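In numbering that gives the first Met the number 0, the protein residues as written are 0 to 308.
Okay, structure first, notes after.
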Amino acid sequence: MSRKKFLILLSLLVIALSAIIFYLFYYPKLAQVNVEEGTLKEKFKKLYEYDEEFRKAVDELRKMVLDPEQPYDKDKALKLFNTVLEKLELPKMSPLNFNYGKSVHTKASKVPPKPECQRPPQNLVLKIVQPKSDVEEGNGVEEVYMCYLKHGASWVIEVTVVFSDEDRPQPNSLDDIWYDVWRLVSWGRVEDIETFYIILHPKRTFIKYEELAIILNESLGIRSIAPIGSDYKSFGSAAHEEGTETLEGTEITIYVNTWNHAFSIQDTNKNMEKIVYEYTPDKAKIGLRLDAENDYSMLKYLGEILLLP
């Protein structure tokens, strides 16, 4: 074979391999999967209750992901996850697309006492403004929890927002459905739950996006919850920014700025049509992030650790 022919064949081989890799990586992000809203969680719960092989795969995977004393084996995790997908009659995931890992690394030595929640001041009005397209995809606000509690020398309102779902771009793609199934395994829910804090002072109000932690019932693992500020990111992005924003008064407008429902008092999607939800202390459910998780998740938690400074 001449050198010229060899180089041509080599070039064709490189192009073919590149096309295969491109297909394997991008196909899940583009391929649409027809899963009716609400049926995935119900099917998951039913299989977990009645299918022993499915339940065993989920339990083994959860132990690797959520038990700090259990080592994480990525190859085994992928095999177990594909068993779960197969039982749900969904396409399997390739190693190229599997980038999920361990979520819990530390065990609690004791469970702190649960903070006592009071109803926030009646003059508080919270407006949550969400892109209409996100709501129409089935990701609207389902419930808001408020807990007025003493933290150090201050009184803080912990606000937890429950969204019906969370869609990775593109919504209803295979990648998005895999993401939902992984959340059912590792979080025990498809609902998205996010938490921020309001600190009321006579002259100004502070909105704080801070990390917190919750303690798993079975393993006593400490699960870190990332802060959920959006900073300047917009809807095509995800964000978990820590920070503080300042405004005046007790009428607070919070914008949902990213697809993973990160917040700010600034709207970074001014060209998107919005839906406005309004909550007062009488309309919100009184409770902690801990309560929201125990209400919506198949997993159970024993305690909550506030990490506010």
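For glycine and all other residues, C-beta sits at the position ideal for the given N, C-alpha and C.
Computed from a predicted model, the values in this text were never measured in an experiment.
In whole angstroms, what separates the C-alpha of residue i from that of residue j?
i: A152; j: I285; result: 22 Å
i: L46; j: V160; result: 28 Å
i: I304; j: V57; result: 27 Å
i: D50; j: Q169; result: 31 Å
i: P120; j: F234; result: 32 Å
i: K55; j: K78; result: 12 Å
i: I264; j: P130; result: 14 Å
i: L84; j: E52; result: 12 Å
i: W181; j: G187; result: 9 Å
i: L307; j: C146; result: 14 Å
i: T249; j: Y144; result: 17 Å
i: D166; j: W154; result: 34 Å
i: D290; j: H150; result: 18 Å
i: N268; j: S236; result: 11 Å
i: E48; j: D266; result: 43 Å
i: K126; j: M297; result: 29 Å
i: Y71; j: K44; result: 24 Å
i: Y231; j: I253; result: 14 Å
i: A18; j: N122; result: The predicted position of A18 is uncertain, since its pLDDT is 48 and thus under 50; a value taken from the coordinates is nonetheless stated next. Answer to the nearest angstrom: the Cα atoms are 59 Å apart.
i: V275; j: S218; result: 39 Å
i: T82; j: P114; result: 40 Å
i: S108; j: Q69; result: 17 Å
i: H200; j: T38; result: 45 Å
i: I382; j: E135; result: It is not possible to answer for residue 382, since the shown part of the chain is limited to 0 through 308.
i: Y26; j: P112; result: Caution applies to Y26, whose pLDDT of 49 falls short of 50 and renders its modelled position unreliable; the value that the coordinates give is listed next. Roughly 48 Å between the two C-alpha positions.
Examine the ligand ATP and report whether any of its heavy atoms sits within less than 8 Å of the Cβ of residue i.
i: Q121; result: The ligand ATP is not part of this structure, which contains no ligands at all.
Residue i: which of the options sits nearest, CA to CA?
i: A76; options: A107, S93, A261 and L87; result: S93
i: R288; options: I253, N122, D191 and Q121; result: D191
i: E164; options: W154, L148 and L183; result: The amino acid occupying residue 164 in the given sequence is Asp; Glu does not appear at that position. Of the candidates W154, L148 and L183, the one whose C-alpha sits nearest the C-alpha of D164 is L183.
i: E142; options: Y196, T249, S108 and K282; result: K282
i: R314; options: S185, I253 and L95; result: Nothing about residue 314 can be read from this structure; the chain reaches only from 0 to 308.
i: T339; options: T249, Q117 and A238; result: A query on residue 339 cannot be resolved here, the shown segment of the chain reaching from 0 to 308 and no further.
i: H260; options: T38, F162, R118 and H150; result: F162
i: K273; options: T249, Y295, D133 and E250; result: D133
i: Y178; options: K73, V155, F80 and D294; result: F80
i: Q117; options: V275, L148, S218 and K269; result: L148
i: I251; options: E277, M297, K113 and E115; result: E277
i: G139; options: N270, V255 and M271; result: V255
i: M271; options: T38, S108 and V128; result: V128
Name, in chain order, the residues that DSSP records as bridge partners for residue i.
i: G302; result: I214
i: W154; result: K149
i: P130; result: K273
i: D191; result: F162
i: R317; result: The question about residue 317 has no answer here: the residues shown for the chain are numbered 0 through 308.
i: G242; result: Y208
i: F43; result: Partner(s): none; F43 has no beta bridge.
i: I197; result: I156 and I206
i: F252; result: As written in the sequence, residue 252 is Thr, which differs from the Phe given in the question. Paired residues: K126.
i: Q117; result: Y147
i: V140; result: F162
i: G228; result: E240 and F262
i: K284; result: Y144
i: K75; result: BP columns for K75 are empty, so no partner.
Near residue i, which residues of its chain fall below 8 Å by C-beta distance, leaving aside the five closest residues on each side in sequence?
i: E241; result: Y208, E209, E210, P226 and G228
i: K202; result: E247
i: I224; result: T194, E210, L211, A212, I213 and R288
i: F97; result: K73, A76, L77 and F80
i: K42; result: L87
i: T279; result: Q121, L123, V124 and L125
Can you name, in chain order, every residue of its own chain whose Cβ lies under 7 Å from the Cβ of residue i, other than the five neighbours on each side?
i: F205; result: I198, T243 and T245
i: L301; result: V110, I214 and N216
i: F195; result: V158, I206, K207, Y208, I227 and F262
i: Y22; result: Only weak support exists for where Y22 lies, its pLDDT of 48 falling under 50; the value from the coordinates is given anyway. Answer for Y22: no residue qualifies.
i: E292; result: I192, I213 and Y300
i: E59; result: L79
Near residue i, which residues of its chain fall below 6 Å by C-beta distance, leaving aside the five closest residues on each side in sequence?
i: P67; result: V103, H104, T105, K106 and G220
i: K40; result: V189
i: D294; result: none
Please check if any C-beta of chain B sits within less than 9 Å of the C-beta of residue i.
i: V110; result: Within the model displayed, chain B is absent; a lone protein chain is all it includes.
(Q) So, does the stretch 94–111 touch the stretch 54–71, judging by three or more C-beta pairs under 8 Å? (A) Inter-segment contact for the stretch 94–111 and the stretch 54–71 is present: three or more beta-carbon pairs are separated by less than 8 Å.
(Q) Does the contact criterion of 3 or more C-beta pairs under 8 Å hold for the stretch 80–94 versus the stretch 160–177? (A) Under the three-pair Cβ rule at 8 Å, the stretch 80–94 counts as touching the stretch 160–177.
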